[in-house]
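Below is one structure, written out as structure tokens; comments come after it.
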Amino acid sequence: MSEPAFDADLPAHVNAALADFLRDASEAIGHTEPTFGPATDALSDFVLGGGKRLRPTFAWWSWRGAGGDPTGDHAEGVLRVVASLELIQACALIHDDVLDSSDSRRGSPTVHVAFAGRHAEEGWLGSPDSFGLAAAVLIGDLALAWADDMFAEAPLPAPVLRAARPAWRAMRTEVLAGQYLDVHTQATGDASVEAALRIDRLKTAAYTVQRPLHLGAALAGAGPELIDPLMAFGRDLGVAFQLRDDMLGVFGDPSVTGKPAGDDLREGKRTLLLALGLRFAAEQEREQEHKAITAAVGNPDLTRADVDIVRQALTDVGAVAEVERRIDELTDAALTTLRGIDLAEPAASKLTELTAVATQRKY
């Protein structure tokens, strides 16, 4: 028996839903103000140009596991709701790149860098960098506004959308709170393990896994008896996901990740990997390793050779091994929780597969 169409190739259907929405939304404002065209084009290109579509996928399979029918009347509306998560992701990434002063994303210039270049090429007045930053902030804001529009306009009965709104509202607030906590930690220089884990839970676990799972289950009419264990599963998996991201931020292959090697170091990210590296180096009285890690964090001029030194230091003091151990531990805990949840198939199997995708990925 073949899979229903949405189940068989969910990312393709998410992309199609996004393309339809972005085309219509862009055309509407384009008729009113053509000058805004490059901004809407940039957002469309950003959203449709890449991404793992993990958030819609978690939400979809949570909906399916809670009894959602992929051939029923609600399926298309649910698809639009879960696809709208990618617009929140676009907002977060575009703004993150501004906050982190990142030059590249997915192997291409970040939005603020691209618009600074546009300003310089046209010979406009003022600072190209200031224009680029302003444009990126506004384009990120547009993504968040359009996410709300896509959610609200999904063809679903009002009670179904109303049931999903608590998850939607919490997710939007949590991701912004997590971003603020991230920059606050960088500003204060808090390199503690506890601070790194708070950011992981709020900025990534809640927004990437927990709330999408909550959203999908709520769309199917699930109650706390199902949502609560799904959230517990998502908490452990979401932190493991972020820890893998931290590892890739230092050890990832730029040709695969689309970002320069060691970018997290240059940006001053206070990750668990670095927090453990500093703690272990101090405990072991490894002054040279401690100095190398400390000097690298927030250094925009870090060379590839400098990154290699930090990689070796993190490995030598045991931070790399400890992060890998925690990823394994969190993944096992998540899978144990998942096995105890009464989910309709094939959702349980798909969520098990997603657990591996989230924690063993190379980008």
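Counting along the sequence shown from 1, when you hit position 108 you're at 108 in full-length UniProt numbering, and nothing is skipped either side.
We put the beta carbon where it would ideally sit given N, CA and C, even for glycine.
- Taking a contact to require three or more Cβ pairs closer than 8 Å, the segment 127 to 138 and the segment 179 to 193 do not qualify as touching.
- Between the beta-carbon of residue 174 and that of residue 206 there is about 4 Å, and that keeps the pair under the 8 Å contact cut.
- For residue 15, the enclosing alpha helix (DSSP H) begins and ends at 10 to 32.
- Residue pairing from DSSP places residue 104 in a beta bridge opposite 109.
- The beta carbon of residue 67 sits closer than 8 Å to those of 220, 221, 222, 344, all from its chain and outside the five residues before and after it, given in chain order.
- Here the C-alpha atom of residue 348 lies approximately 8 Å from the C-alpha atom of residue 339.
- Taking a cut-off of 8 Å for Cβ pairs, the segment 310 to 329 and the segment 272 to 289 touch, as three or more such pairs fall below it.
- Residue 344 carries a coil assignment under DSSP once its states are collapsed to helix, strand and coil.
- Within the same chain, and ignoring the five residues on either side of residue 256 in sequence, the residues whose Cβ sits closer than 8 Å to its Cβ are 362, 363.
- DSSP, read as helix, strand or coil, puts residue 291 in helix.
- Taken in chain order, the complete alpha helix (DSSP H) segments of 4 residues or longer contained in the segment 251 to 304 are 254 to 257, 263 to 267, 272 to 283, 287 to 296.
- Assignment of residue 173 by DSSP, reduced to helix, strand and coil, places it in the helix class.
- With contacts defined by Cβ atoms closer than 9 Å, residue 4 and residue 110 do not form a contacting pair.
- Contact between residue 53 and residue 86 holds, with the beta-carbon distance rounding to 7 Å and staying under 8 Å.
- Cα atoms of residue 33 and residue 188: separation of roughly 42 Å, rounded to the nearest angstrom.
- Rounded to whole angstroms, the separation of the alpha carbons of residue 101 and residue 108 is 14 Å.
- According to the DSSP assignment, residue 325 belongs to the alpha helix (DSSP H) that extends over 319 to 339.
- Restricted to the segment 30 to 92, the alpha helix (DSSP H) segments that are unbroken, complete and at least 4 residues in length are 37 to 48, 54 to 65, 75 to 83, listed in chain order.
- Excluding sequence positions up to five before and after residue 164, its CB lies within less than 7 Å of the CB of 81, 215, 218, 219, all in the same chain and listed in chain order.
- Nearest to residue 300 by C-alpha distance, out of 272, 336, 262, is 262.
- Its chain contains no residue whose beta carbon lies nearer than 6 Å to that of residue 288 once the 5 sequence neighbours on both sides are disregarded.
- When DSSP states are grouped into helix, strand and coil, residue 130 belongs to the helix group.
- If the five residues before and after residue 234 are omitted, its C-beta is found closer than 7 Å to the C-beta atoms of 205, 209, 210, 213, all from its own chain and listed in chain order.
- Contact between residue 106 and residue 258 holds, with the beta-carbon distance rounding to 4 Å and staying under 8 Å.
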